[in-house]
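Trainee:
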Amino acid sequence: MLNGVESGLMGVYGLIIVVPCPIKVRIGALGETKFLEGYYVYVGSAQGQSMNLENRLSRHFSKEKKVHWHIDYLLDADVEILDAVFSESAEPVECLVAKRLASRDEADWGPIRFGASDCESGCRSHLIHFGLDSDIKKIVGETFKDMGLNPSLYTHVLHKPSS
256 MLNGVESGLM
266 GVYGLIIVVP
276 CPIKVRIGAL
286 GETKFLEGYY
296 VYVGSAQGQS
306 MNLENRLSRH
316 FSKEKKVHWH
326 IDYLLDADVE
336 ILDAVFSESA
346 EPVECLVAKR
356 LASRDEADWG
366 PIRFGASDCE
376 SGCRSHLIHF
386 GLDSDIKKIV
396 GETFKDMGLN
406 PSLYTHVLHK
416 PSS
């Protein structure tokens with residue numbers, strides 16, 4: 256068990272990230288990508304035995320990892336992961352969660368194809384932007400609940416000091 260996440264649990268998560276000021280980050284094949292200041296929610300899934308919620312969240316919060324996925328490039332920049340909201344789910348629902356979050360009045364889509372380059376549902380992005388005045392944990396938790404999920408909060412701080 257890792258910080259309340261049972262071993263082997265499969266499901267969906269929303270990684271809550273704060274970007275304190277506008278930045279540009281080179282994101283693999285997406286190239287140089289602009290990020291506005293604000294909160295970003297990266298919606299991901301953990302549907303495999305080896306890539307369950309415990310392993311997936313542990314990887315995101317780890318400072319020592321190979322930069323491979325779009326989210327790795329962003330997390331390697333001057334940003335902070337605040338928390339993650341997660342829920343057990345036998346079905347892959349990350350696309351539905353991303354679309355539901357993006358449909359909120361206070362939300363905007365993140366960079367096109369971010370985290371969704373292999374998405375078969377045609378998602379615009381799996382990264383959703385919110386202003387810093389948003390009650391982001393409440394928004395993500397309510398969205399999970401509205402979708403019939405049972406959200407839990409994974410709290411762990413990874414702070415990247417400015418270079």
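Just so you know, we're using the working numbering here: the sequence shown kicks off at 256 and counts up by one.
Here a beta-carbon is modelled for each residue, glycine too, at the ideal position from N, C-alpha and C.
Nothing here was measured: the structure is a model prediction, and the numbers come from that model.
1. Only counting the same chain, and skipping five residues up and downstream in sequence, which positions put a Cβ closer than 8 Å to that of Y268?
2. Tell me the start and end of each unbroken beta strand (DSSP E) in the segment 356 to 408 that is at least 3 residues and wholly inside, in chain order.
3. Does V267 come out as helix, strand or coil in the three-state DSSP assignment?
4. For the putative contact between F399 and H381, defined by C-beta atoms under 8 Å, what is the C-beta separation to the nearest angstrom?
5. Skipping 5 residues on each side, what residues in its chain have a beta carbon closer than 8 Å to that of V395?
6. Going by DSSP, which residues form a beta bridge with D338?
7. Which class does G299 belong to by DSSP, given the choice of helix, strand or coil?
8. Excluding the 5 residues preceding and the 5 following V386 in the sequence, name in chain order all residues of the same chain whose CB lies nearer than 7 Å to its CB.
9. What are the boundary residues of the beta strand (DSSP E) that E287 is part of?
10. Cα separation between G266 and Q304?
Mentor: Well, looking at it:
1. V298, G299, S300, A301, L308, R311, L312, A339, V340, F341, S342, Y409
2. 362 to 364, 382 to 385
3. strand
4. About 15 Å separates the two Cβ atoms, so there is no contact after all.
5. G269, I271, V296, V340, L356, P406
6. I271, T410
7. strand
8. The sequence given here has Gly at residue 386, not Val. The answer, listed in chain order, is G293, E361.
9. 286 to 290
10. 11 Å
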